[in-house]
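Throughout the sequence shown, residue numbering follows the numbering used here, covering 1199 to 1538 in sequence. Below is one structure, written out as structure tokens; comments come after it.
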Amino acid sequence: MNELNRRRFVEYLFAGAVATGACGLATSGLRTRTRRVIVGGGPAGAAAALALRTARPDHPVLLVERDPRRLGRTEARTFERPAAGPDLDILRRAGVEVVLDDVVALDWKAARLDLFSGRSMAFDRLLLAPGTTALQEPIAGLDNVARHLWPAAWGSAREARRLKSQLAALPEAGHVVLRLPNDVSHPAAALNRALNFAILLDRKYPRGRLTILDGSPGSDLVERFHNRSTLLGLDPRADWRTAANGGTVLRVDATRGEIETNAGLIQADVVNFVSPQGAGSIARAAGLIDTTGWCPTDAQGRSTCRPDVIVLGDARKEAKRTVAEALRSAKAAALILDRA
Ligand SMILES: Cc1cc2nc3c(=O)[nH]c(=O)nc-3n(C[C@H](O)[C@H](O)[C@H](O)COP(=O)(O)OP(=O)(O)OC[C@H]3O[C@@H](n4cnc5c(N)ncnc54)[C@H](O)[C@@H]3O)c2cc1C
1199 MNELNRRRFV EYLFAGAVAT GACGLATSGL RTRTRRVIVG GGPAGAAAAL
1249 ALRTARPDHP VLLVERDPRR LGRTEARTFE RPAAGPDLDI LRRAGVEVVL
1299 DDVVALDWKA ARLDLFSGRS MAFDRLLLAP GTTALQEPIA GLDNVARHLW
1349 PAAWGSAREA RRLKSQLAAL PEAGHVVLRL PNDVSHPAAA LNRALNFAIL
1399 LDRKYPRGRL TILDGSPGSD LVERFHNRST LLGLDPRADW RTAANGGTVL
1449 RVDATRGEIE TNAGLIQADV VNFVSPQGAG SIARAAGLID TTGWCPTDAQ
1499 GRSTCRPDVI VLGDARKEAK RTVAEALRSA KAAALILDRA
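Structure below.
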């Protein structure tokens, strides 16, 4: 038996074994086909599911997404992350099996995923596209209450709505603070966020103030912000502070609207507190992240922790974290698996 045939034969036996008892999610009986399971139906995961199914209709493709609103395209709304992949109809018509559930654990040995609903699912080939998740920060006072009162709105539509309603109630001479972490995960989104606030103040609250607390030692964002503000004819009073000159947050008291920085105390009316991000938590649980909190991969997206797994989109360490790049990573994965 040559190497390729041996591998296919082992896959065949393995697939049959792990499919048994998969709570109705696995196809019954022995299979020679490779069951590809994708976790995460943002632009990267959904586009990869469609591309894989289209390229190799003989292989079952299963996509697990916990939030159905992430499937399909949505208009870009202020403070919200865009949805830009194929929708449920397109995926189902192409033969992708879509499971609306949350993957909570992964067992490499048994090649199975555990879902929030209590079901369990077998996979032959796994692709992870879980996006990002907020990381905890050791800042005094930054507890769940503070996170509720000062929504990050960095991917959560609910938080975006809360932030919008807080801004709608801003006092005439109110103070808006945008806090950015040291290593901002999506620089373009951070720049847009700062500009959105500047535009809002300029148009609706000319007596209002904007402070950006940027925990980084400095980046081109400051200059890009000032250039864009000038081009848009915005009030130049926005105060962008980097780590050394007051951008570092030491302590917060959200109920009083207080932020203590390395340059003194700030009183704010609305705070958009963005935390540092890392790869989505299932990547962490699966042991696919390194000390940076992101998934190291090769240029094609193969995990360097487990080369049999492909990581797509924002979760990758070197990702640029834009929709276009997420879609590119989906195409690259489909190419690799098409050749496999
Ligand atoms: C505030 C903000 C604004 C942005 N604006 C723009 C913009 O204007 N233009 C642009 O190009 N890019 C923008 N981006 C970046 C862009 O949204 C991302 O690069 C892109 O969405 C990445 O796609 P993804 O599929 O890798 O991850 P995501 O879009 O984050 O999708 C990951 C999906 O995985 C699901 N998931 C995670 N874990 C599990 C699990 N365990 N089980 C089941 N499902 C799971 C999540 O529900 C989510 O739907 C923005 C990002 C942010 C944060």
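All C-beta atoms, glycine included, are put in the ideal place defined by N, C-alpha and C.
G1431: CB within 7 Å of a non-hydrogen atom of ligand 1: Not one heavy atom of ligand 1 sits closer than 7 Å to the Cβ of G1431.
D1299 - containing alpha helix (DSSP H), residue span: From DSSP, D1299 is part of no alpha helix (DSSP H); its letter is neither H nor E.
Short Cβ contact (8 Å threshold) for A1513 with L1261: It is not a contact, given that the beta carbons lie outside the stated cut-off.
Distance cut-off 7 Å: I1508 Cβ against heavy atoms of ligand 1: Result no, Cβ not under 7 Å from ligand 1.
Start-to-end residues for the beta strand (DSSP E) that takes in F1471: 1468-1471 is the span of the beta strand (DSSP E), which, as asked, contains F1471.
Check: W1577 C-beta below 7 Å from any heavy atom of ligand 1: Past the edges of the chain, shown from 1199 to 1538, lies residue 1577, and the structure says nothing about it.
Any non-hydrogen atom of ligand 1 closer than 7 Å to A1513 Cβ: For A1513, the Cβ falls inside the 7 Å cut-off from some heavy atom of ligand 1.
For H1373, three-class secondary structure by DSSP: Here DSSP, grouped into helix, strand and coil, assigns H1373 to strand.
Cβ pair T1446, G1485 closer than 8 Å: Going by C-beta atoms, T1446 is not nearer than 8 Å to G1485.
Three-state class that DSSP yields for E1263 in the structure shown: E1263: strand per DSSP, three-state reduction.
The alpha helix (DSSP H) enclosing L1527, as first and last residue numbers: The sequence shown places Ser at residue 1527, rather than the Leu named in the question. 1521-1537 is the extent of the alpha helix (DSSP H) around S1527.
Cβ neighbours of F1314 in the same chain (closer than 7 Å, five flanking residues each side left out): The answer, listed in chain order, is D1299, D1300, V1302.
Assigned exposure category for W1306 - 16 Cβ within 10 Å defines buried: Its Cβ having fewer than 16 others within 10 Å, W1306 is exposed.
Three CB pairs or more closer than 8 Å across the segment 1450-1467 and the segment 1340-1357: In short, these stretches touch, since the Cβ pair count reaches three.
Reference I1410; option with closest CA among G1353, R1356, V1472, H1384: For I1410, the closest C-alpha among the options G1353, R1356, V1472, H1384 is that of V1472.
Other residues of its chain near E1335: CB distance less than 7 Å, five sequence neighbours each side excluded: Cβ neighbours of E1335 beyond the five flanking positions: S1473, P1474.
Endpoints, alpha helix (DSSP H) assigned at E1166: The structure shown has nothing for residue 1166, since the chain only spans 1199 to 1538.
Closer than 7 Å: P1266 CB and nearest ligand 1 heavy atom: The answer is no for P1266.
C-beta contact flag for I1397 and L1368 at 8 Å: The answer is no: Cβ separation not under 8 Å.
Heavy atom of ligand 1 within 7 Å of A1327 beta-carbon: Under cutoff, so the answer is yes.
Reduced DSSP category for G1462 - H, G, I as helix; E, B as strand; rest coil: In the structure shown, G1462 adopts extended strand secondary structure according to DSSP, grouped into three states.
Nearest-angstrom Cα separation, counted from L1289 out to R1310: Near 23 Å, if we compare the C-alpha coordinates of L1289 and R1310.
G1238 burial status per 10 Å Cβ neighbour count (16 or more: buried): By the 10 Å Cβ count, G1238 comes out buried.
A1246 and A1522 closer than 8 Å at C-beta: Cβ distance not < 8 Å, so A1246 and A1522 don't count as in contact.
Own chain residues within Cβ distance below 6 Å of P1494, not counting five before or after: In the same chain as P1494, and ignoring 5 residues on each side of it, the C-beta atoms closer than 6 Å to its own belong to D1488, T1502, K1515, in chain order.
R1537 versus P1349: straight-line alpha-carbon distance, rounded: Approximately 44 Å, taken between the alpha carbons.
Cα-Cα separation, G1541 to T1459: Past the boundaries of the shown model lies residue 1541; the chain is included only from 1199 to 1538, so the question cannot be answered.
Neighbourhood of A1477 by C-beta, 6 Å cutoff - its chain only, sequence neighbours within 5 removed: Here the set comprises I1487, W1492, C1493, A1513.
Residue interval of the alpha helix (DSSP H) (run including D1400): Start and end: 1385-1402.
L1340 (DSSP reduced to helix, strand or coil): Three-state result, L1340: coil.
Cβ neighbours of A1282 in the same chain (closer than 6 Å, five flanking residues each side left out): Hits under 6 Å: P1241, R1271, V1521.
Cβ pair count under 8 Å reaching 3, the segment 1359-1377 against the segment 1414-1426: Contact fails: fewer than three Cβ-Cβ distances are below 8 Å.
Heavy atom of ligand 1 within 7 Å of A1522 beta-carbon: Indeed, a heavy atom of ligand 1 lies less than 7 Å from the Cβ.
Test item: CB-CB of R1233 and D1322 under 8 Å: Contact check for R1233 against D1322 passes: the beta carbons are separated by less than 8 Å.
Local conformation of A1497 per DSSP, three classes: A1497 carries a coil assignment under DSSP once its states are collapsed to helix, strand and coil.
Where A1338 falls, given that 16 or more other Cβ within 10 Å makes a residue buried: By the C-beta density criterion, A1338 is exposed, having fewer than 16 other C-beta atoms within 10 angstroms.
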